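I have placed the structure first, in the form of structure tokens, so that the comments after it can refer back to it.
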Ligand code: ADP
Ligand code: ASP
Ligand code: MG
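Residue numbers (the working numbering): 103 to 534.
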């Protein structure tokens with residue numbers, strides 16, 4: 103593979119051949135006109151919607167901007183592909199899994215380019231290998247290491263709109279990799295970072311980031327500005343609206359993220375550095391993750407070495423363990439931990455091979471994680487007391503708990519999720 107530019111090359115500059123660029127300008131002005139626009143699954147979910155996206159891109163270009171499009175697969179397509187693989191072996195992870203699930207984006211970017219061509223806009227569909235989006239080889243959860251900007255630069259200078267397949271990358275051996283579910287956001291922000299842009303637009307099916315998922319909490323309110331730190335917590339705690347790595351990359355490389363609606367022409371939420379936010383409520387958002395599974399193992403030996411070994415085997419398989427708790431029983435110990443539901447088959451395989459036969463495994467599938475997030479929690483004691491009082495008043499049992507400076511999370515029964523989310527949302531004065 104060619105020598106790749108670092109994700110943020112220090113001496114990166116767009117060399118502009120003014121005879122080929124659509125309007126003559128120096129390098130700085132040229133970069134100022136570039137805008138990365140990422141369209142999610144529902145935004146490209148039908149031919150009609152794809153034509154709407156193409157019109158939006160064409161309009162932007164007519165106003166003198168240089169759009170770079172990043173797209174997800176058509177809605178439902180990645181789920182369909184995952185389900186096909188699962189019919190054969192739900193615990194399989196490897197290059198074939200990523201090749202399978204990455205294929206949806208190939209279709210959507212080709213359709214967007216055809217729709218742009220119909221509007222007279224020259225555009226080029228680009229898969230990750232064409233662009234050198236290089237990742238590690240952790241299949242199904244790969245991380246971007248670098249993005250070559252040469253092709254992008256050449257495409258933009260030629261006045262052609264790059265239309266990039268989100269979600270996918272390529273490893274050192276030229277295998278297709280994928281960035282984890284929802285990973286197209288990360289592709290977009292990484293492309294913006296590689297181009298040294300100060301912002302990236304994420305077009306989706308909600309007008310903004312809300313104080314809770316508006317599908318779960320009808321009284322959720324729009325948040326006009328949110329810090330990278332809070333958004334990172336929300337994303338890692340299950341809020342689907344942005345992929346967590348996209349927020350990490352945005353924070354690290356100074357790419358502000360604008361989450362907005364594809365079909366409503368108005369501002370949405372800006373994710374910005376914390377210093378740019380004047381006032382912080384105690385709790386900014388209630389976040390949930392319905393795709394959580396808890397494993398309880400007992401009796402296990404008391405030695406820490408046993409747990410260390412178990413978690414290292416799980417991590418070798420690419421499983422990231424979320425909340426962990428250990429408690430003493432009359433004989434031995436009990437270990438409980440939660441993982442994302444997608445990893446349940448993998449964890450079961452690992453446990454079957456690793457655990458001695460006397461260890462009983464209980465799997466809790468009907469659970470969900472509910473969390474409150476807010477940088478304001480740092481300066482306000484008593485949030486945990488209020489959080490648990492709300493759950494106690496509703497008679498909601500808590501399976502596992504974890505806290506940090508700016509969040510509290512609990513695993514509860516899934517059928518109590520709506521109730522818990524709405525009650526916490528009211529308790530922290532977030533209702534509209
Ligand atoms: P896309 O296909 O555009 O990437 P996603 O389905 O991945 O869209 O993310 C958008 C969805 O995220 C919304 O439809 C909404 O249900 C969900 N969501 C979860 N939490 C929030 C939140 N706090 N604010 C807005 N949307 C949220
Ligand atoms: N198509 C991928 C998914 O459904 C990536 C994305 O939508 O961001 O997870
Ligand atoms: Mg998404």
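From the three backbone atoms N, C-alpha and C, an ideal C-beta is built for every residue, glycine too.
Computed from a predicted structure; not experimentally measured.
Under the criterion of a Cβ to heavy atom distance below 8 Å, does residue 163 qualify as lining ligand 2? On the chain shown, residue 163 is found 61 positions in, with the first residue counted as 1. Not under cutoff, so the answer is no.
Whose C-alpha, out of 384, 408, 136, 290, is nearest the C-alpha of residue 351? What you label residue 351 is simply residue 249 of the chain shown in a count that begins at 1. Residue 290 is the option with its Cα nearest to residue 351.
For residue 334, is the classification buried or exposed, using 16 other Cβ atoms within 10 angstroms of its Cβ as the cut-off for buried? Taking the first residue of the chain shown as 1, we reach residue 334 at position 232. Buried is the call here.
Endpoints, the alpha helix (DSSP H) within which residue 527 is located: Stepping through the chain shown from its first residue, residue 527 is reached at position 425. Taken as a continuous stretch (DSSP letters only), the alpha helix (DSSP H) holding residue 527 covers 519–529.
Just to confirm the assignment, what range does the beta strand (DSSP E) spanning residue 359 have? Translated into positions along the chain shown, residue 359 becomes position 257. Unbroken beta strand (DSSP E) run through residue 359: 358–363.
Whole angstroms is fine: what's the gap from residue 398's alpha carbon to residue 144's? As a first step, residue 398 is located in the chain shown; it is residue number 296 there, counting from the start. As a first step, residue 144 is located in the chain shown; it is residue number 42 there, counting from the start. Answer to the nearest angstrom: the Cα atoms are 37 Å apart.
When you compare only the Cα positions, how much space is there between residue 505 and residue 376? Looking up residue 505 in the chain shown gives position 403. Looking up residue 376 in the chain shown gives position 274. The alpha-carbon atoms of residue 505 and residue 376 are separated by roughly 20 Å.
Would you mind reading off the limits of the alpha helix (DSSP H) that contains residue 457? In the chain shown, counting from the first residue as 1, residue 457 sits at position 355. Looking at the DSSP string, residue 457 is not in any alpha helix (DSSP H), and its letter there is neither H nor E.
Close beta carbons around residue 238, own chain, < 6 Å, minus the five adjacent residues each side: On the chain shown, residue 238 is found 136 positions in, with the first residue counted as 1. For residue 238, where only same-chain residues beyond five positions count, the Cβ hits under 6 Å are 244, 245.
Could you please give the first and the last residue of the uninterrupted alpha helix (DSSP H) stretch that includes residue 368? Taking the first residue of the chain shown as 1, we reach residue 368 at position 266. Looking at the DSSP string, residue 368 is not in any alpha helix (DSSP H), and its letter there is neither H nor E.
If you measure from the CB of residue 143, is any heavy atom of ligand 2 nearer than 8 Å? Within the chain shown, residue 143 is the residue found at index 41, counting from 1. Answer for residue 143: yes, Cβ within range of ligand 2.
Can residue 283 be considered in contact with ligand 5, in the sense that its beta carbon sits closer than 8 Å to one or more heavy atoms? This structure lacks ligand 5; its bound ligands are ligand 1, ligand 2 and ligand 3.
Assuming the contact rule is C-beta atoms closer than 8 Å, residue 227 and residue 212 should be a hit. Round their C-beta distance to whole Å, please. Here the question's residue 227 lines up with position 125 in the chain shown. Here the question's residue 212 lines up with position 110 in the chain shown. At roughly 5 Å, the Cβ-Cβ gap stays under 8 Å, so residue 227 and residue 212 are in contact.
Identify whether residue 298 lies in helix, strand or coil by the three-state DSSP scheme. As a working mapping, residue 298 is identified with position 196 in the chain shown. Of the three classes helix, strand and coil, the one that applies to residue 298 here is coil, per DSSP.
Residue burial classification, residue 523 (beta-carbon count within 10 angstroms, cutoff 16): Along the chain shown, one-based indexing puts residue 523 at 421. Burial call: buried.
Is the distance from the Cβ of residue 379 to the Cβ of residue 329 below 9 Å? Position 277 of the chain shown holds residue 379. Position 227 of the chain shown holds residue 329. Contact flag set, yes.
Out of 383, 429, 412, 159, which one is the CA nearest neighbour of residue 481? Your numbering for residue 481 matches position 379 in the chain shown. Residue 481 has its Cα closest to that of 383, out of 383, 429, 412, 159.
Find out if the Cβ-Cβ distance for the pair residue 443, residue 429 is shorter than 9 Å. Numbered from 1 along the chain shown, position 341 holds the residue referred to as residue 443. Numbered from 1 along the chain shown, position 327 holds the residue referred to as residue 429. The beta carbons of residue 443 and residue 429 sit no closer together than 9 Å.
Run through DSSP, which three-state label would residue 390 get? Working through the chain shown from its first residue, we reach residue 390 at position 288. Of the three classes helix, strand and coil, the one that applies to residue 390 here is strand, per DSSP.
Straight-line Cα distance separating residue 311 from residue 367: Taking the first residue of the chain shown as position 1, residue 367 is located at position 265. Taking the first residue of the chain shown as position 1, residue 311 is located at position 209. Roughly 16 Å separates the two Cα atoms.
Within 10 angstroms of its Cβ, does residue 489 collect 16 or more other Cβ (buried), or is it exposed? Here the question's residue 489 lines up with position 387 in the chain shown. Burial call: buried.
Secondary structure at residue 272, three-state DSSP: helix, strand or coil? Walking along the chain shown from the start, residue 272 turns up at place 170. Strand, per DSSP.
Reducing DSSP to helix, strand and coil, say where residue 318 ends up. Walking along the chain shown from the start, residue 318 turns up at place 216. Correct three-state label for residue 318: coil.
Considering residue 413, what are the terminal residues of the alpha helix (DSSP H) in which it resides? Taking the chain shown and counting its residues from 1, one reaches residue 413 at position 311. Per DSSP, residue 413 belongs to the alpha helix (DSSP H) from 406–418.
Since residue 363 and residue 308 are thought to touch, with beta carbons under 8 Å apart, how far apart are those beta carbons, to the nearest angstrom? On the chain shown, residue 363 is found 261 positions in, with the first residue counted as 1. On the chain shown, residue 308 is found 206 positions in, with the first residue counted as 1. Sure, about 7 Å apart at Cβ, within 8 Å.
Can you look up residue 450 in the DSSP assignment and give me helix, strand or coil? Walking along the chain shown from the start, residue 450 turns up at place 348. Helix, per DSSP.
Hey, which unbroken runs of the alpha helix (DSSP H) at 4 residues or more fall wholly within the segment 195–238? Whole alpha helix (DSSP H) segments, 4+ residues: 197–203, 205–220, 230–233.
Since residue 235 and residue 271 are thought to touch, with beta carbons under 8 Å apart, how far apart are those beta carbons, to the nearest angstrom? What you label residue 235 is simply residue 133 of the chain shown in a count that begins at 1. What you label residue 271 is simply residue 169 of the chain shown in a count that begins at 1. Correct: roughly 5 Å between the Cβ atoms.
Alpha helix (DSSP H) containing residue 538: first to last residue? Outside the shown range of the chain (103 to 534) lies residue 538, about which nothing can therefore be said.
Using the Cβ count rule (16 or more neighbours within 10 Å means buried), how would you classify residue 182? On the chain shown, residue 182 is found 80 positions in, with the first residue counted as 1. By the neighbour-count rule (16 or more Cβ atoms within 10 Å), residue 182 is not buried but exposed.
For residue 223, which residues in the same chain have their Cβ closer than 8 Å to its Cβ, ignoring the five residues on either side in sequence? To locate residue 223, count along the chain shown from 1; it is residue 121. Contacts found: 156, 159, 160, 163, 263.
Starting from residue 144 and walking both ways along the beta strand (DSSP E), at which residues does that stretch end? As a first step, residue 144 must be located in the chain shown, where it is residue number 42. Run containing residue 144: none; DSSP gives neither H nor E here.
Inter-residue CB distance, residue 146 and residue 174 (contact presumed, cutoff 8 Å): The residue labelled residue 146 in the question sits at position 44 within the chain shown. The residue labelled residue 174 in the question sits at position 72 within the chain shown. About 7 Å; that satisfies the 8 Å criterion.
The alpha helix (DSSP H) that contains residue 495, what's its start and end? The residue labelled residue 495 in the question sits at position 393 within the chain shown. Per DSSP, the unbroken alpha helix (DSSP H) holding residue 495 starts and ends at 485–495.
Can you check which of these residues, 471, 230, 422, 336, is closest to residue 201 by C-alpha distance? The count along the chain shown starts at 1 and reaches residue 201 at position 99. Ranking 471, 230, 422, 336 by Cα distance to residue 201 puts 230 first.
Would you mind sorting residue 190 into buried or exposed? The rule is 16 or more other CB atoms within 10 Å of its CB. On the chain shown, residue 190 is found 88 positions in, with the first residue counted as 1. Counting every other CB atom within 10 Å of its CB across the protein chains shown gives residue 190 a total below 16, marking it as exposed.
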